[in-house]
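Peer 1:
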Amino acid sequence: MAHINPMSEPGSTPSARRGSGEIPAEPDARHLIEQLPAIVYVADVGVDGNWRYVSPGVRALLGYSPEDWLADPDLWARQVHPDDRARVFAREDDLVEPTVPEEYRMRHRDGRTVWVRDEAALVTDAEGNAQWHGVISDVSDRKRAEAELERRAQQQAAVARLGKHALEGANVSDLMHDALDEATRILGVESGAVLEQASDEEVAIVRARLGPARQGLGAGASGQVDNGLRRDDESLRDSSFLHNSNFPRNSNSPRDSSSPHPAGRLSRRVQDAPSDGERTPRANTGGDSVTCQIEGRDGRWGTLWLASASRPRFEPSDVDFVQALANILADALQQRATEDDIRYQALHDPLTSLPNRVLFLDRLGHALSRPSAKVAVVLLDIDNFKLVNDSLGHSAGDELLMEIAPRLKTALRPEDTIARLGGDEFVVLLEHIEDERAAARVAKRIVAAFETPFRLSVGEYFTKVSLGIALAGAQNSHPAELISDADAAMYQAKEHGRARYEIFDGAMRARVVERLSVENDLRRALERDELQLIYQPIVSLRTKALASVEALARWRHPTRGLVGPSEFIPIAEESGLIEPIGRWVLDSACAQAAHWHAQHRDRPPLGISVNLSIQQFRQRDLEATVAAALARTGIEPSSLCLEITESVLLQEADAVRDTMTRLAQLGVRFVLDDFGTGYSSLAYLTQLPIDGLKIDRSFVEELGSSRRSTAITTAIVRMAQALSVEVIAEGVESQLQIDALRALDCELGQGFHFHRPLSAAGVSKLLDAEPS
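All letters in the sequence shown, in the order written, are residues 5 to 776 by the working numbering.
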């Protein structure tokens, strides 16, 4: 009680004036009071005061009869909710008036809690005795509605906070714990967990948990849960977490098998999981628990589960709230999966899904940073891989590259890292490798793994690999240096016969240092005008008259002296310097040819040959470069002959064919050098604009003394003549060779028997000496 109706003044009622303490006895008034859905009462002041009158409404409101109520003066005090007694009794004793109506909780006879509004007026009779005249009405529905509004406001605020954290890029694991914090705080539950559905439908991976370590996930729960999950558990960090998860990804990129295993698992029976046929919000409510799905665009990732032993049932609004939290987690996981895919694609080879150069260098750097690191790098290259693309097609080449990765894994330890650097080049990181012998054993296993054929869609195919090994030491402690050393060893393995391995050593290091020194000096050779051209005459085998010359580059080094092409051209090709050097050779040769023609206009223009490498053919502007050289010097295009080797034709055949066709349309000529020593094919002469070919010196030097060389040379000459292709014999050094070539009707030759390479002035003297 302890309430005064602010609309009433003490002593203003009839009963107050009479001081009787009774309800008016008029029949109509009493009937009206008894029909009210509330308790109308008269009671003495004080907690222990007697109840003078209680209307029948007490039965509907609290489950007691008026007689029960009047017979027990302490009943009202006992039925006030324990949590509200101190507040209500304090106001009762204060007798401060006027006061506002009081709202508090009372316990129904059946144990239910009822919210009531107590409005009373304090009246005094003629003798000065104070009494309460009041009305107690049921306001439970309004209180529930207000509580529902407040709960929904709290839920909306919680959803907004979690969404804000997600937009700010919070760690996914932290978001999961935040979602559980918000849900357990607002819903008042004791337990909660974020569960990822593993590929095994009967296993759920615990990604975050609050509350008891183990509590049933419905009636079918079984199994054990790891108690050690924490917010800062490294196994829950974004990158490894997403790689392990089955969340729908935006690409088909495979997951990194080196990622850590999940930290905790909880076994579940399949029937406990929500049905896939349920509509959104997909939730499974069962009296004391709620399970809402965390679902992405392409399927379910897992569930957000909450349970309480104290509440009988979750309301539909509670389920909506939990589902909203689950949806935010789903969006965050989808976003992190998208970002993870982008990172994955940036760090992995798209064809083989192996780590690429960037990721490999990062892992190698971490390995080298450890104290007393025992690290080795194995670089391997597929022998004659170009033949696969040329003979079987690029799709077969890609298929072979994809089959190589699993083949390599069979020869390596689980902790070893395989990466693809590009093309047909792979690299392996060996950690905790004791010495060269241990590295060599790994290399032998890799070589042996390629003994069996690869089963491709076009059939079986055998291939071999060449390997280079470099062990980390004081002189190659940087990742790039270690890979460079392995690369040098791998090239030595190729030079020594392929399908083998070489270990980088001190002597090889000296050669690498020397090569770097040569490369650095070569970069300055053009600007210092250290390069020069000499010319190898090509003569008629019948008349010995000068027919054309081949331009040969030489390097006059200030300290090394004259450096031959075999020493610096390979370095120029590997370093990319062949492009500026090649342009200089082309321009200088064309300019010299124009000069000779200006000096000897009484004879046909002297032809000049220039060698081109595959790197020059890869230049997009090669056609423009040749056209510009012809235009600047004014020589006839037919005077320029571009010499190429079969190795050029083996690489990127389609692109080379297109480039040759465009250059031939300018009017320049092509000669195929070293014919017969490589992958010689009649297709070269029938499908490409080849005007001439050179018989390699290895056949010419045995001409007349070796039946085999003679037969091969004869076949080459006869074939070329049938196709109207000019033939030039290289390395002619004896009259016996000349006689044999003449007998075959070979037209042209070059070699020391006629002339050694000459300077431009020396060629001018030959032209001057020839009859006009």
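A virtual CB, placed ideally from N, CA and C, is assigned to each residue, including glycine.
(1) Just to check my reading of the structure: E737 and G755 have Cβ atoms closer than 8 Å, yes? What is that Cβ distance to the nearest angstrom?
(2) Considering P541, what are the terminal residues of the alpha helix (DSSP H) in which it resides?
(3) Since V362 contacts A447 with CB under 8 Å, what's their CB separation in whole angstroms?
(4) Look at the Cβ atom of V462, then the Cβ atom of A377, and state whether they are nearer than 7 Å.
(5) Cα separation between L74 and L184?
(6) Going straight from the alpha carbon of G501 to that of A492, what length do you get?
(7) Using the Cβ count rule (16 or more neighbours within 10 Å means buried), how would you classify Q741?
(8) Just mark S59 as buried or exposed, buried being the case when its beta carbon has 16 or more other beta carbons within 10 Å.
(9) Buried or exposed, going by whether 16 or more other CB atoms sit within 10 Å of the CB of D606?
(10) If distances are taken between C-alpha atoms only, which option among A311, I612 and R109 comes closest to D87?
(11) Just grab the DSSP bridge partners of W55 for me.
(12) Give the range of the alpha helix (DSSP H) segment to which Q158 is assigned.
(13) Straight-line CA distance for Q603 to A423?
(14) What is the DSSP secondary structure of R111, reduced to helix, strand or coil?
(15) Fully enclosed by the region 360-390, which alpha helix (DSSP H) runs are 4 residues long or longer?
(16) In three-state DSSP terms, what is C594?
(17) Any contact of the region 441-458 with the region 405-420, i.e. 3+ C-beta pairs under 8 Å?
(18) What are the partner residues of G300, as DSSP defines its beta bridges?
(19) In the structure shown, what three-state DSSP assignment does Y495 receive?
(20) Classify D678 as helix, strand or coil using the three-state DSSP reduction.
(21) Determine the DSSP secondary structure at G224, reduced to helix, strand or coil.
(22) Could you give the C-beta distance for E534 and R564, rounded to a whole number, given that I count them as a contact under 8 Å?
(23) Cα separation between V614 and L372?
(24) List the endpoints of the continuous alpha helix (DSSP H) containing D772.
(25) Going by other Cβ atoms of all chains shown within 10 Å of its Cβ, with 16 needed for buried, is H265 buried or exposed?
(26) Helix or strand or just coil, what does DSSP make of S257?
(27) Identify, in the order they occur along the chain, each residue of the same chain with its Cβ nearer than 7 Å to the Cβ of T117, setting aside the five sequence neighbours on each side.
(28) DSSP state of Q135, grouped into three classes?
(29) How long is the line joining the alpha carbons of A452 and E429, rounded to whole angstroms?
(30) Which residues bound the alpha helix (DSSP H) around S579?
(31) I want to know whether the region 524-534 touches the region 505-514 - three or more CB-CB distances under 8 Å.
(32) Are A170 and I332 touching if we call contact CB-CB under 7 Å?
(33) Just the C-alpha distance for R417 and E499, rounded to the nearest angstrom, thanks.
(34) Where does D749 land, buried or exposed, given buried means 16+ other C-beta within 10 angstroms?
(35) With distance defined between alpha-carbon atoms, name the residue in R636, R367 and Y465 nearest to N388.
(36) Where do the N-terminal and C-terminal ends of the beta strand (DSSP E) with L126 fall, by residue?
Peer 2: Walking through what the data contain:
(1) 5 Å
(2) Where P541 is concerned, there is no enclosing alpha helix (DSSP H), although the beta strand (DSSP E) it sits in stretches over L535 to S544.
(3) About 25 Å; that fails the 8 Å criterion.
(4) no
(5) 50 Å
(6) 15 Å
(7) buried
(8) buried
(9) exposed
(10) R109
(11) A47
(12) S144 to L171
(13) 60 Å
(14) strand
(15) 361-373
(16) helix
(17) yes
(18) G303
(19) helix
(20) strand
(21) Confidence in G224 is poor, its pLDDT being 33 and thus under 50, which makes the residue's placement too unreliable to answer from.
(22) About 10 Å separates the two Cβ atoms, so there is no contact after all.
(23) 47 Å
(24) A764 to A773
(25) In this predicted model, H265 has a pLDDT of only 26, less than 50, meaning its place in the structure is not dependable enough to derive any value.
(26) For S257, the predicted model reports a pLDDT of 38, less than 50, meaning its position is unreliable; a value from the coordinates is still stated below. If DSSP states are grouped into helix, strand and coil, S257 belongs with coil.
(27) H85, R109 and R111
(28) strand
(29) 18 Å
(30) P569 to S579
(31) no
(32) yes
(33) 29 Å
(34) exposed
(35) Y465
(36) T117 to T128
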